[in-house]
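Under our numbering, the first residue of the sequence shown carries the number 47, and numbering increases by one thereafter. As structure tokens, the structure follows; a few thoughts come after it.
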Amino acid sequence: MFDFHIHSRVSFDGHDTGEAMARAAAAAGLKEICFTDHIDYDPLGQLPDMAFDTAAYGAEYDGLSLPGLIIRRGMEFGMTRDNTEQFRQDLQRRPFDFVLGSIHFVDGLDVYFPAFWQDKTVFQAERRYLEETLACVQVHEDFDVLAHLTYISKPPCHPAPRPLPYREHRQIIDEILRILVRKGKGLELNTSGLDRCGGFLPTEDIFRRFQELGGRIVTVGSDAHTCSRVGQYSAEACRLLKEIFGYVCTFENRRPVFHTDI
């Protein structure tokens with residue numbers, strides 16, 4: 047089992063040490079993990095710094111090892127349609143094994159908070175999120191895997207929590223998936239929605255469509271910000287991806303590794 051989306055205290059919203067989270071991963075029976083701490087920028091410049099400190103990152107992870115557990119170093123970059131140059135600069139901070147690209151801000155607002163949802167139906171909020179995601183994957187080249195394609199399903203201010211329905215947004219989701227396939231990018235199965243909105247982010251039908259369109263690279267991540275969530279639902283997620291694709295991917299030195307023995 048694998049967990050390639052973990053945030054320690056190095057992230058602005060993390061809580062526990064890297065060592066504590068690695069020990070939690072080992073206790074959960076994971077074979078390999080990757081720390082993917084946040085580099086995010088508020089487009090309006092109103093929020094505190096959300097980009098990790100490079101020196102703190104190195105101090106937390108570079109000497110970290112546990113018998114029987116492979117530990118990779120990565121990051122999660124918050125993409126907007128106009129921060130491609132910032133992304134390239136942040137990639138020079140240090141060597142990474144894995145880079146997630148994610149979308150947290152739409153129209154200058156963090157979708158996790160109520161301001162974004164004001165005066166929108168659930169459908170409208172979902173559609174704007176997907177439109178911004180499409181714009182971002184069109185212009186960005188430097189990520190390995192798109193994180194939580196349906197992240198909009200899990201904010202606590204969601205007025206009627208549900209897994210984003212593929213059938214209602216099929217055309218735009220297919221456009222996003224086709225771009226990922228064309229660019230050789232992967233899709234993350236993020237398990238953090240299961241106990242928040244009732245489904246993986248994204249759901250099984252979207253992964254099946256990704257496979258139909260030629261998608262090959264798929265990873266599993268818990269999006270854990272505390273030890274208690276490390277590896278959460280990883281076994282179920284890995285089984286699902288193996289059923290659809292025949293494997294689950296991890297990354298080393300920005301290259302995918304395909305695991306059939308799960």
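No residue lacks a Cβ here, since even glycine has one placed at the ideal position from N, Cα and C.
#1: Looking at Phe297 and Arg262, is the spacing between their C-beta atoms short of 9 Å?
#2: Quick one: what's got a C-beta closer than 8 Å to Thr249's C-beta in the same chain, skipping five residues either side?
#3: With DSSP as the reference, label Ala97 as helix, strand or coil.
#4: Could you pull out every residue in the same chain whose Cβ sits closer than 7 Å to the Cβ of Gly114, ignoring the five residues on either side in sequence?
#5: Cβ atoms of Asp156 and Arg309: under 9 Å apart, would you say?
#6: Can you tell me whether Arg208 is helix, strand or coil according to DSSP?
#7: Give the DSSP-derived three-state secondary structure of Pro160 in the structure shown.
#8: Considering just the uninterrupted stretch of the beta strand (DSSP E) at Ile219, what are its terminal residues?
#9: Buried or exposed: where does Thr265 fall if 16 or more other Cβ atoms within 10 Å of its Cβ makes it buried?
#10: Mapping the DSSP letters down to three states, classify Met121 as helix, strand or coil.
#11: Kindly list the residues whose CB is nearer than 7 Å to the CB of Thr130, restricted to its own chain and excluding five residues on each side of it in sequence; keep chain order.
#12: From what residue to what residue does the beta strand (DSSP E) around Leu233 run?
#13: Along the chain, where does the beta strand (DSSP E) that runs through Glu344 open and close?
#14: Taking Thr130 as part of the alpha helix (DSSP H), name the residues at either end of that continuous run.
#15: Quick one: Cα of Met67 to Cα of Cys273, how far?
#16: Going by C-alpha distance, which of Glu178, Arg228 and Ser148 is nearest Leu235?
#17: Curious, which full-length beta strand (DSSP E) runs of at least 3 residues does the region 172–206 contain?
#18: Go ahead and pull the three-state DSSP assignment for Asp49.
#19: If Thr306 and Ser268 are in contact, beta carbons under 8 Å, what's the gap, nearest whole angstrom?
#20: Put Ile263 into one of helix, strand or coil per three-state DSSP.
Walking through what the data contain:
#1: Here residue 262 refers to the residue found at position 216 when the sequence shown is read from its first residue. Here residue 297 refers to the residue found at position 251 when the sequence shown is read from its first residue. No, the Cβ-Cβ distance between Arg262 and Phe297 is not below 9 Å.
#2: On the sequence shown, position 203 is the one that residue 249 refers to. Within the same chain, Thr249 has close Cβ partners Thr196, Pro209, Leu210 and Tyr212.
#3: Taking the first residue of the sequence shown as 1, we reach residue 97 at position 51. Residue state, collapsed to three classes: strand.
#4: Taking the first residue of the sequence shown as position 1, residue 114 is located at position 68. Contacts found: Ala72.
#5: Lying before the first or after the last residue shown, residue 309 is absent from the chain, which here runs from 47 to 308.
#6: In the sequence shown, counting from the first residue as 1, residue 208 sits at position 162. Coil.
#7: Stepping through the sequence shown from its first residue, residue 160 is reached at position 114. It is helical.
#8: Position 173 of the sequence shown holds residue 219. Here Ile219 belongs to no beta strand (DSSP E); instead the alpha helix (DSSP H) covers Arg216 to Lys229.
#9: Position 219 of the sequence shown, counted from the start, is the residue given in the question as residue 265. That one is buried.
#10: In the sequence shown, residue 121 corresponds to position 75, counting from 1. Reduced to three states, the DSSP call for Met121 is strand.
#11: What you label residue 130 is simply residue 84 of the sequence shown in a count that begins at 1. Cβ within range, chain order: Val185 and His186.
#12: As a first step, residue 233 is located in the sequence shown; it is residue number 187 there, counting from the start. From DSSP, the beta strand (DSSP E) with Leu233 extends over Gly232 to Asn236.
#13: Nothing can be reported for residue 344, as the shown portion of the chain is limited to 47 through 308.
#14: Sequence index remark: in the sequence shown, residue 130 carries index 84 (1-based). Here the alpha helix (DSSP H) through Thr130 covers Thr130 to Leu137.
#15: Taking the sequence shown and counting its residues from 1, one reaches residue 67 at position 21. Taking the sequence shown and counting its residues from 1, one reaches residue 273 at position 227. For Met67 and Cys273, the distance between alpha carbons rounds to 5 Å.
#16: Position 189 of the sequence shown, counting from 1, holds the residue named residue 235. Here the closest residue by C-alpha is Ser148.
#17: none
#18: Residue mapping note: residue 49 aligns to position 3 of the sequence shown, counting from 1. Residue state, collapsed to three classes: strand.
#19: Here residue 306 refers to the residue found at position 260 of the sequence shown. Here residue 268 refers to the residue found at position 222 of the sequence shown. Not quite, the Cβ-Cβ distance comes to about 22 Å (not below 8 Å), so this is no contact.
#20: Along the sequence shown, read from residue 1 onward, the residue named residue 263 stands at position 217. Reduced to three states, the DSSP call for Ile263 is coil.
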